[in-house]
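Position 124 of the sequence shown, counting from 1, maps to 187 under the numbering used here, and the rest follow consecutively.
I have placed the structure first, in the form of structure tokens, so that the comments after it can refer back to it.
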Amino acid sequence: MSLEVAVAAPFKARAQDRLGQGEFVVALSLEREWFSPDQAKRLVDVALGRGLLASEDGDLVPQFDPAEVTVPEGFTPDESVLREQSTFESALDAVVAAGVEKQRAVAAINERQRALAVTIEAAAVLYAREQGVAVDRLAVDVREELAAEAGDAGGDLTDADDSGAA
Numbered sequence: 064m065s066l067e068v069a070v071a072a073p074f075k076a077r078a079q080d081r082l083g084q085g086e087f088v089v090a091l092s093l094e095r096e097w098f099s100p101d102q103a104k105r106l107v108d109v110a111l112g113r114g115l116l117a118s119e120d121g122d123l124v125p126q127f128d129p130a131e132v133t134v135p136e137g138f139t140p141d142e143s144v145l146r147e148q149s150t151f152e153s154a155l156d157a158v159v160a161a162g163v164e165k166q167r168a169v170a171a172i173n174e175r176q177r178a179l180a181v182t183i184e185a186a187a188v189l190y191a192r193e194q195g196v197a198v199d200r201l202a203v204d205v206r207e208e209l210a211a212e213a214g215d216a217g218g219d220l221t222d223a224d225d226s227g228a229a
């Protein structure tokens with residue numbers, strides 16, 4: 064995944080487990096020349112949104128082990144990594160990365176959406192959990208979206224089961 068490689072590179076290059084946002088942006092824009100400073104800041108936003116980075120005490124902290132990521136010789140990330148993925152796309156990517164064939168996964172997600180009359184995002188998270196794929200952050204996003212919709216309709220999902228059992 065090129066987003067993970069792009070996020071890992073500054074941590075690997077500096078052999079640190081946390082970096083200030085400025086250091087991170089400089090590493091990607093000026094040192095590696097992969098992005099403009101504005102694009103590097105956008106990458107931070109996307110990585111935070113995807114759960115690859117966390118912000119702790121003003122520093123960026125990877126939520127994976129950068130040492131386990133290989134940055135190929137001559138690697139340059141595609142600008143598509145700057146695009147925020149939908150919850151559905153993120154869940155689908157996670158399922159495919161876990162070894163499920165993409166077409167099979169999409170068909171199964173669509174079937175769950177029809178059978179359960181839920182959003183495509185909820186169906187994707189449910190399917191991912193059924194496949195044993197960790198999508199806890201995405202599940203929280205879906206739960207919040209559903210709770211907001213239920214709040215508009217007068218319902219309450221705040222006490223929904225969080226066991227993850229499918």
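Beta carbons: idealized from backbone N, C-alpha and C, even for Gly.
Item to complete: Please work out which residues of its chain come closer than 8 Å, Cβ to Cβ, to Gln126, disregarding the five sequence neighbours upstream and downstream, and give them in chain order.
Response: Gly114, Leu115, Leu116 and Ala117
Worksheet item: Which two residues bound the contiguous alpha helix (DSSP H) that contains Glu152?
Response: Thr150 to Ala160
Worksheet item: What do you reckon, are the CB atoms on Gln84 and Val107 nearer than 9 Å?
Response: yes
Worksheet item: Just reading off the beta strand (DSSP E) that Pro125 is part of, what are its end residues?
Response: Asp122 to Pro125
Practice prompt. Check each candidate in Phe74, Asn173, Ala186 and Leu155 and name the one with the smallest Cα separation from Asp122.
Written response: Phe74
Item to complete: Have a look at Gly162 and Gln194 and give me their C-alpha separation to the nearest angstrom.
Response: 10 Å
Worksheet item: What number of angstroms, rounded off, separates the C-alpha of Ser169 from the C-alpha of Phe98?
Response: The residue asked about is misnamed: residue 169 is Val in this sequence, not Ser. One C-alpha to the other measures close to 32 Å.
Worksheet entry | Close Cβ partners of Ala71 (< 8 Å) along its chain, the five nearest in sequence each way excluded | Pro125, Phe127, Pro129, Val132 and Val134
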